[in-house]
Every structure is written in structure tokens, then in C-alpha cells.
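Residue numbers (our numbering): 2 to 312.
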């Protein structure tokens, strides 16, 4: 009889525990549905979109080597020069020391880099602006950065930064001249927006002019989380043109992917790209992975937002 009562009590406890799990009212040690949703949803995003429209690992800040390859392989399939020739020099290798030096002049605990798109002599040209993010929400969920046409641009050519120039000068020299020319980005680049064969000219004011990436949240983490592999090698931030299909915009767009490269003996030395297929670990999102948390402008400009105040 005692054994039957014990079994009956055990059965009741099992039923009660099952009900507690189903209703979310239990007091167990596991996270509630709300806590689970928060944990999954807490990855910072840019203006409500962090590759959420992409086919590649939605909601992740990092790129596995295979994802990096897929995005960078798509670029020459969808972007070319007018007349059909290939855009040259679509990967830019920047010494980390040069990035770090320029970030030192920017105040604030949250900063960002604007990667401007340009073209010169048929080659992709990259210009960088180093900016402060101003918290306009008061709780670390929404930031604002200076208008892109009011910042200084540091062109990077032939392995080195040139002297900074105003954005109007950058635009005139690399982006789009007032009169039709054959040399600037928006004068010469064509885009295949879908997998259909037709190309069309990129449109100034509609297609992206730059991509913003957060410094503390992504770029610096990319450097720090791979630092164990550096040794005495020279470290480079590698910026590669990429393309990804945005299901909301229904178009491929010009994106950028970042990763870390080391070279023994400095420029020209043996190179090692810190990219592989290892599993992502939340606290080391970028270890042996690339970065792609970019916000393209257009269409999303001026503001950088996170879903939760976790910065």
C-alpha cells in the first residue's frame, strides 16, 4: 500500500512538473521563454537589421570561412565596370597599427568606422572615416553619428593612408563628379540586382555609398579575440568587397567583409588568414571568423541602433 501511495505521489509530481514546464510557471533553474528569447535576441543590430534579410546566419555578427567565401564570391558575379570588365583591387589590406593610430583621435566609449566606396582607374578605392557614436536614447540602445558629408575621409591607396580630405573632395575624386566622367564609382560601376542576366548602372542616392561598422562592438573585438595568434607577426585588417541578397530590398548590394590577416616579417611576408569553420562561441564570436555587421547607407543612414542596452 505504501508503495502504491509513493508511486501515486511520484506520478502527481511528474504531472505537476510537466504542467509547470508547459505553462512557464515553474520555479526550476532553466530559463523562461522570455529569458530564452532575450538571450537569442540580444545580439546588437544595426537599425533593426543585422543581416536578418540575408541567407547567411541571420542574427550573427561573425562569418565562418564558408560564409565569407560565399559573400565575397558573389561580388564579381553581380558587380562589374561599364562595358563588362572586372573591378580590380576589391580586397584592401590595412595595417592594424594605422587603424589604431587614427582611432586614438576619436573620443567616446562607442565609436565606428565609415567605409566609403570609391573607384579610380578601374580599381576599387576605399576611404575611411573614424567617428564617435552619440547615445541619443539615454540607455545605450540608439546612437547617432555625424552626417557622412561632414566628416573627413582618409583614402587608402597603394598600402598606405593618404592625407585626409573633406567628403566633397572624396566624392569629386572617387565617387561621382558633377559632370559625366568615366572614372568614378557611380559613373562606371554596374550592378546585376538579381540572378537575371541584365545589368544596370548603380544609382547615386539609392545604392550604397558606404558601410558603417561599430568599432568597439565589432572591429576591436575582431582584433582582440584573435590576438593569441599574432606572435611577432604584423597584423592587418582585411576589407573585401562582397555581395549578399537582401530579401526586403529584393536586390544584391555592395557589402564589405572584414577579417584579420597576419604576415611574418611585415608587408610581403608569408600571410595567414584567420578564418576557419570552427564553432561560434558567444564570448569569442570573432575568433578565427570574419566580421559583417555593416549598415549600408543608403538605405539606412545616420543612426545606429541596438535591440537591447548591452553595450
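For every residue, glycine included, the Cβ atom is placed at its ideal position computed from N, Cα and C.
Taking the beta carbon of residue 18 as the centre, do at least 16 other beta carbons fall within 10 Å, making it buried, or is it exposed? Here the question's residue 18 lines up with position 17 in the chain shown. Caution is warranted here: a pLDDT of 39 is assigned to residue 18, below 50, making its placement in the model unreliable, and no coordinate value can be reported.
Measuring alpha carbon to alpha carbon, tell me which residue in 261, 107, 190 and 137 is nearest residue 85. Counting from 1 along the chain shown, the entry for residue 85 is found at position 84. The shortest C-alpha to C-alpha distance from residue 85 to any of 261, 107, 190 and 137 is the one to 190.
To the nearest angstrom, how far is it from the Cα of residue 81 to the Cα of residue 87? Position 80 of the chain shown, counting from 1, holds the residue named residue 81. Position 86 of the chain shown, counting from 1, holds the residue named residue 87. Cα to Cα, residue 81 sits roughly 5 Å from residue 87.
By how many angstroms is the C-alpha of residue 65 removed from the C-alpha of residue 240? What you label residue 240 is simply residue 239 of the chain shown in a count that begins at 1. What you label residue 65 is simply residue 64 of the chain shown in a count that begins at 1. The alpha-carbon atoms of residue 240 and residue 65 are separated by roughly 15 Å.
By the three-class DSSP mapping on this structure, what secondary structure does residue 184 have? For the purposes of this step, residue 184 is identified with residue 183 of the chain shown, where counting begins at 1. Note: residue 184 maps to coil in three-state DSSP.
Quick one: using the 10 Å Cβ neighbour count with 16 as the cut-off for buried, is residue 169 buried or exposed? Looking up residue 169 in the chain shown gives position 168. Residue 169 is exposed by the Cβ-count criterion.
Run of the alpha helix (DSSP H) containing residue 101, from where it starts to where it stops: Indexing the chain shown from 1 puts residue 101 at position 100. Its alpha helix (DSSP H) spans residues 97 to 104.
Identify which residue in 187, 281, 130 and 215 has its Cα closest to the Cα of residue 1. The question about residue 1 has no answer here: the residues shown for the chain are numbered 2 through 312.
Inter-residue Cα distance where the pair is residue 255 and residue 213: The sequence position of residue 255 within the chain shown is 254, counting from 1. The sequence position of residue 213 within the chain shown is 212, counting from 1. Cα-Cα distance, rounded: 13 Å.
Three or more C-beta pairs below 8 Å linking the stretch 241 to 249 and the stretch 146 to 159: By the C-beta criterion, the stretch 241 to 249 is judged not to be in contact with the stretch 146 to 159, since fewer than 3 inter-stretch pairs fall below 8 Å.
Using DSSP's beta-bridge definition, name the partner residues of residue 216. To locate residue 216, count along the chain shown from 1; it is residue 215. Residue 216 is not bridged to any residue.
Kindly identify the DSSP beta-bridge partner or partners of residue 275. Within the chain shown, numbered from 1, the residue matching residue 275 stands at position 274. Checking the DSSP bridge columns, you'll see residue 275 has no partner listed.
Per-residue burial, residue 226 [other beta carbons within 10 Å of its own, 16 or more giving buried]: As a position in the chain shown, residue 226 is number 225, starting the count at 1. Here residue 226 is buried. Its C-beta has 16 or more other C-beta atoms within 10 Å.
Start and end of the beta strand (DSSP E) containing residue 125? As a position in the chain shown, residue 125 is number 124, starting the count at 1. Element bounds for residue 125: 124 to 133.
Which residue comes first and which comes last in the beta strand (DSSP E) that contains residue 61? Position 60 of the chain shown, counting from 1, holds the residue named residue 61. Note, residue 61: premise wrong, no beta strand (DSSP E); not H, not E.
Does DSSP put residue 299 in a helix, in a strand, or in coil? For the purposes of this step, residue 299 is identified with residue 298 of the chain shown, where counting begins at 1. Per DSSP, reduced to three states, the secondary structure at residue 299 is coil, with no helix or strand assignment.
Would you mind giving the Cβ-Cβ distance between residue 185 and residue 120, rounded to the nearest angstrom? I have them listed as a contact below 8 Å. Here residue 185 is taken as the residue at index 184 of the chain shown, counted from 1. Here residue 120 is taken as the residue at index 119 of the chain shown, counted from 1. Indeed they touch by this definition, with Cβ atoms about 6 Å apart.
Express the C-alpha separation of residue 261 and residue 139 in angstroms, rounding to a whole number. The sequence position of residue 139 within the chain shown is 138, counting from 1. The sequence position of residue 261 within the chain shown is 260, counting from 1. One C-alpha to the other measures close to 33 Å.
Report the residue from 198, 137, 216 and 90 whose alpha carbon sits nearest the alpha carbon of residue 157. The residue labelled residue 157 in the question sits at position 156 within the chain shown. Considering only 198, 137, 216 and 90, the residue with the shortest C-alpha distance to residue 157 is 90.
Should residue 292 and residue 221 be called a contact, given that it needs their Cβ atoms to be closer than 8 Å? Along the chain shown, read from residue 1 onward, the residue named residue 292 stands at position 291. Along the chain shown, read from residue 1 onward, the residue named residue 221 stands at position 220. At a Cβ-Cβ threshold of 8 Å, residue 292 and residue 221 do not count as neighbours.
Cα-Cα separation, residue 253 to residue 202: In the chain shown, the residue the question calls residue 253 occupies position 252. In the chain shown, the residue the question calls residue 202 occupies position 201. Rounded to whole angstroms, residue 253 to residue 202 spans 13 Å at the Cα level.
Assuming contact is defined by CB atoms lying nearer than 8 Å, are residue 299 and residue 207 in contact in what I supplied? By one-based count along the chain shown, residue 299 stands at place 298. By one-based count along the chain shown, residue 207 stands at place 206. Remark: C-beta atoms of residue 299 and residue 207 approach each other more closely than 8 Å.
Determine the closest residue to residue 74 out of 172, 245, 136 and 217, with distance taken between C-alpha atoms. The residue given as residue 74 occupies position 73 in the chain shown. Closest by C-alpha distance to residue 74, out of 172, 245, 136 and 217, is 245.
Looking at C-alpha atoms only, which residue of 117, 290 and 266 is the closest neighbour of residue 232? The residue labelled residue 232 in the question sits at position 231 within the chain shown. Comparing Cα-Cα distances from residue 232 to each of 117, 290 and 266, the minimum goes to 266.
Mark residue 134 as exposed unless 16 or more other C-beta atoms lie within 10 angstroms of its C-beta, in which case mark it buried. Taking the chain shown and counting its residues from 1, the one referred to as residue 134 is at position 133. With 16 or more Cβ atoms within 10 Å of its Cβ, residue 134 is classed as buried.
Under 8 Å Cβ to Cβ from residue 272, same chain only, skipping five residues before and after it: list those, please. For the purposes of this step, residue 272 is taken as the residue at position 271 of the chain shown. Within the same chain, 262, 263 and 264 come within 8 Å of residue 272 by CB-CB distance, once the 5 residues on both sides are set aside.
Buried or exposed: which applies to residue 163, given that a residue is buried once 16 or more other Cβ atoms fall within 10 Å of its Cβ? Position 162 of the chain shown holds residue 163. With fewer than 16 other Cβ atoms inside 10 Å of its own Cβ, residue 163 counts as exposed.
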